[in-house]
Amino acid sequence: MTKSDARRTIRSFTEGSKWKYKDDGETKELDEFGNPIPIPFKGVVAQGVDTYNWKPVGNASECAMIKLVQSESSTPRDEYDVDSIRSSHPVKYTIPFNSKNKYQVHVHEDTSSGRHVVLMKGAPERILDRCTHAVIGGMIVELDENERINIIEQQEALSANGLRCLGFAEKELDTNVYNNEFKYAAENDEFYSCNFPIGDAPSDVIDSHGKTQNPQSTGGLVFLGMFALIDPPRPAVPGAVKRCQTAGIKVIMVTGDHPVTAQAIAFKCGILWSKTRGDMIKDNIKFGRTFGSADYENPDDAEAIVVPGSELSPDMKESDWDFILNHRQVVFARTSPQQKLIIVENCQRLGHIVAVTGDGVNDSPAIKKADIGIAMVSGSEVSKQAADMILLDDDFGSIVNGVEEGRLIFDNLKKSIAYTIQSNIPEITPFLAFIIFAIPLPLTTFLILAIDLGTDMIPAISMASEQPEADIMQRRPRTKSDRLVTPAMIQFSYGYIGMIQALAGFFTYMVVMNDYGYKPQILFNRGNSDAFGHQPFFCKFSGGHYVNLAGDINEGLNPSIDPPTREYPFWFEGYDGKVVDCGYAYNDFLSDGSPTLLFDFRNSETYTTETNGKHTATIESYEAMEQNHYFEYIPWRGRTSSYWDDSMLFHNTNDVNKGGNLAQNTNTYFRGRAAGLWSLCEQTSDPSCENQFCGDRGSAIVRGVEYELPAQTAMTSNLYDNALYCNGQGSETLSASCASVNQYDLENDIAYPNNRFQTFYCMGVTDSCGQLTDEPETLKFCDSDGNVCGAFNDKAVDCSYMCEGYCYWPGSNAVNPNTSQVSSFTQFKTETPGSSAKYQQCVNIGSQEAANEALRHAQGAFFVSIVIGQIAGLLVCKTRWLSIKSQGMQNKFMLFGIGTEVMLVLFLCYCEPLNVGLGTRNLRLVHFFPAIPFAILIVCFDEARKALMRMTSRESVDPISGQKVRGKGWIERNFGY
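The sequence shown begins at 33 in the numbering used here and counts up one residue at a time.
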């Protein structure tokens, strides 16, 4: 940085502050003679503090000189007022200050005598070199060598105290030559120097344009003295420099001041804190120390160096620059704009990221060249245009605050990214498991979107509000190769946190499925065909019991060899029962054609042999499952769950709002359980086809109800493209091919559905489906008041009414007490399917609906487990090195994000009927808990990881700068991000 950036800014004075104004702030107050009333320069002294009335603006040094010479009580009308003196000594010619000459020249006229005087101000050593005389004791005497040494020593003594020194000289000009007619010039076509004396040393040099030195410019000046002013650092600068050093930022001071002044200021700012190379050389000479002596101070061991601009040349070797810049403490003094630019270039050559701050025109080249140029708002327009950033408060401490803010932004971006990508693993692994292990899909795409666009959004954004870690300004700066996303971050988010979250999700998924009766071992290879939850699930049991809706056990059935019944559809494991294996009926019928436009699955007249290109199960494949002792599985745990609805056992096909497998959409319809059955072939008396399927692929012609197991097993290896559809209508008479499928007692006009897989038709008290008894004889009948009074084959004359909740099949001849309609067989045979509300077509969808609901609960629980894991992941991402205990939970936005995350999860799970449409369900409270131990594991793992990194990475602290230097240990190299 340049020296002037670290100083107080004191300015010259505005014209408006010198006069009294009325309340409007624009009109000057006038005295009795009509003249403006002046304000004294200096006001009263209150408690030892000087009060200056005139407001400063402009050059700081000029302001300081005015304060020195301006009379305390003088006003703009006084004889010795600065402005009065200026008006009596008008400027005739000016040579502005520049960084090369380091002096400023004015030629003034004394109006009282007409004499012209040359006045020079600048660096004391430059002014002194141009002087041949000096004013000593009020007399002009010749300046000898002893006096020159005395002046230099005084200047160095002042500079050593941090004072900025200016030298002053003058020369009265001969009025015969230098008068108002004389044309002053700094150069002309013949000469490259002034045409009036400014103390130039005689030279025979001819410049590139053929010009020579003007002899008139060599006249020696009279040294008047020096002016020393205090230009102290801002109070915040030493602390800001200290923070830079602890942050591993090297602060180099580059100034135009004298080296001694620059060194003193640098020590005050903390840029220098140890003995410089130059001081060691001086002390060795002063005390007669030689190399090898005990008290010899080797300059090569110095950590600090002050380099005057006179020692810098354009042809310096890179090794020389490396020697200078490799010192920990570096100050450049009396530098030119070109030298500042070269300093920046060499710092960049060494691989440093260079920031340059300044406020003058001379600083502009270096500001432009730097990686980031910083200008002061009070600086020149040129420097502000060259800069990348402008400090509005002119405070070096703001740069350090900016460094901290930049590190914080980078830190928080890394943390936010590390948190956001954690969920990728628990989101993608369910699909990998679905593909590789063929389990029912644990997580839907909608729930993934709910995580990415819902629950993760606010917590990820909240990282931007995270406060810096305690050691953020004690770390070494990042290198140019550092990136936001690194392999270490991928390893952390994917390999550690993401995998734990995925394990939590799968564990929760398995727990929920098991709680609803689907043990993990039966799920593998049961999900890739999209059949789980859409088709009946067949399982082989070892032990256990069949149970009815009331929970009563049927002791007469052995689930190992007997299928369930309509009244006892649930399997209960009891003490020793287990599910051996599960599967689906083979979808052995495939037709590529599409149904007609009038297709309605509730009307058998609209059915054709077309399945819209979907594989469909047939009655033969269902029967084959049972012959292999695979029976339709409805777990008792599903019956005792909150999602269970008794109507799943007798679902009304007209009710499109219930049942996830029956709908008017043909894709949904044909992949699930149809409202009827397909049969591959008809009965035949051909002896060659008895007990087996005959013919080529796609042309089966034998019904084969009593086939043997081997023949039926062979059937599953083929796909058939021709089948008969039967949906249980009475119009499918005995002569029809569907009679053997429906298995009705048509001779006795009874349409009781003996085939458990076929849809059945009911008439009920409320014109809806109801419970179907296992035997026709056990169907309950009631009197006109609804009291049970008998059964189908055992009832009184007046006991002929329907009871609430039962299915009265065609031919049961029960009377509806509300409509007086009779469940007769005759009408059932003649009515058009779907055209009358008298009979409702019903189907048992309990197996697929229980599986579907269990899967939805498990998917919702998997979703919740990810969110719980993400909350833990959010906490561990709060810090990268320190413990979360040191960071605390002060980020209110993050707390709000966690709260909204939880509220969104509860909303998606418990808001009915929205949760049904979104694929989630009302989760049991206990299903929130399986993921919590994994969340605790995430926090404990990361705290242990960071603790081990702190223990194994050697860390040292510089006792002077406070900078921490850490050598990465094995844990940090392999587990840190």
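Here a beta-carbon is modelled for each residue, glycine too, at the ideal position from N, C-alpha and C.
Inter-residue spacing [alpha-carbon to alpha-carbon] between residue i and residue j
i: Ile903; j: Gly708; result: 49 Å
i: Arg998; j: Val517; result: 22 Å
i: Asn211; j: Ile374; result: 45 Å
i: Val376; j: Leu261; result: 29 Å
i: Ala11; j: Val292; result: It is not possible to answer for residue 11, since the shown part of the chain is limited to 33 through 1009.
i: Gly1001; j: Ser988; result: 13 Å
i: Met834; j: Thr810; result: 13 Å
i: Val543; j: Ile490; result: 30 Å
i: Leu205; j: Phe323; result: 54 Å
i: Thr476; j: Ala893; result: 12 Å
i: Gln803; j: Glu764; result: 24 Å
i: Cys95; j: Ser412; result: 18 Å
i: Ala326; j: Met312; result: 14 Å
i: His241; j: Ser225; result: 13 Å
Collapsed DSSP secondary structure at residue i in the structure displayed
i: Asp728; result: Unreliable placement is indicated for Asp728, whose pLDDT of 37 sits below 50; the coordinate value is still reported in the next sentence. Here Asp728 sits in coil by DSSP.
i: Pro667; result: strand
i: Glu213; result: coil
i: His647; result: strand
i: Phe65; result: coil
i: Ile172; result: strand
i: Ile385; result: coil
i: Gly549; result: coil
i: Arg558; result: coil
i: Asn684; result: strand
i: Val847; result: strand
i: Arg986; result: strand
i: Glu141; result: strand
i: Asp777; result: strand
i: Ala272; result: helix
i: Lys593; result: One point to set straight first is that residue 593 is Ile, not Lys, in the sequence displayed. The answer is coil: DSSP assigns Ile593 none of H, G, I, E or B.
i: Val797; result: coil
i: Gly951; result: coil
i: Tyr662; result: coil
i: Ile98; result: helix
i: Gly998; result: Looking at the sequence shown, residue 998 is not Gly but Arg. Reduced to three states, the DSSP call for Arg998 is strand.
Close beta carbons around residue i, own chain, < 8 Å, minus the five adjacent residues each side
i: Gln186; result: Met258
i: Tyr53; result: Thr59, Lys60, Glu61
i: Pro122; result: His140, Glu141, Thr143
i: Met680; result: Gly691, Asn876, Ile877, Gly878, Glu881, Ala882
i: Asp425; result: Val409
i: Val899; result: Ile483, Thr487, Glu933, Val934, Val937
i: Thr851; result: Asp799
i: Gln922; result: Gln499
Cβ-based neighbour list, residue i, same chain, cut-off 6 Å, excluding 5 preceding and 5 following
i: Ser897; result: Ala536, Gly537, Thr540, Ala963
i: Leu479; result: Phe895
i: Gly429; result: Ala268, Ala272
i: Ser653; result: Ala617, Tyr618, Asp620
i: Glu885; result: Tyr675
i: Lys1024; result: Nothing about residue 1024 can be reported from this structure: the residues present for the chain run from 33 to 1009 only.
Per DSSP, the bridge partner or partners of residue i
i: Ser915; result: In DSSP, Ser915 forms no bridge with anything.
i: Glu202; result: Leu151, Val254
i: Asp1065; result: There is simply no residue 1065 to check, as the chain begins at 33 and stops at 1009 in what is shown.
i: Met1010; result: The chain is shown only over 33 to 1009; residue 1010 falls outside these bounds and no answer can be derived.
i: Ser711; result: Leu756
i: Tyr578; result: Asn586, Trp603
i: Ala563; result: Answer is none; Ala563 lacks a bridge partner.
Beta-carbon proximity list for residue i, same chain, < 7 Å, skipping 5 on both sides
i: Gly730; result: Summary for Gly730: the model assigns pLDDT 34, below 50, so the residue's position carries little reliability, and this model does not support an answer.
i: Glu722; result: Low confidence applies to Glu722: its pLDDT is 40, below 50, so where it sits in the model is not reliable enough to give any reading.
CB contact check: residue i to chain B, cutoff 8 Å
i: Arg196; result: The chain inventory of the structure shown lacks chain B, comprising one protein chain alone.
Contact the segment 503 to 516 vs the segment 937 to 952: 3+ CB pairs below 8 Å: no
On the three-pair Cβ rule with 8 Å, is the segment 926 to 933 touching the segment 510 to 530? no
Counting pairs of Cβ atoms below 8 Å between the segment 167 to 174 and the segment 130 to 138, do you hit three or more? no
Would the segment 382 to 392 count as touching the segment 328 to 337 if we require 3 or more Cβ pairs under 8 Å? no
Taking one C-beta from the segment 277 to 285 and one from the segment 356 to 366 each time, how about it: are there three or more such pairs within less than 8 Å? yes
Could you tell me whether the segment 194 to 204 touches the segment 293 to 301, using the rule of 3 or more Cβ pairs below 8 Å? yes
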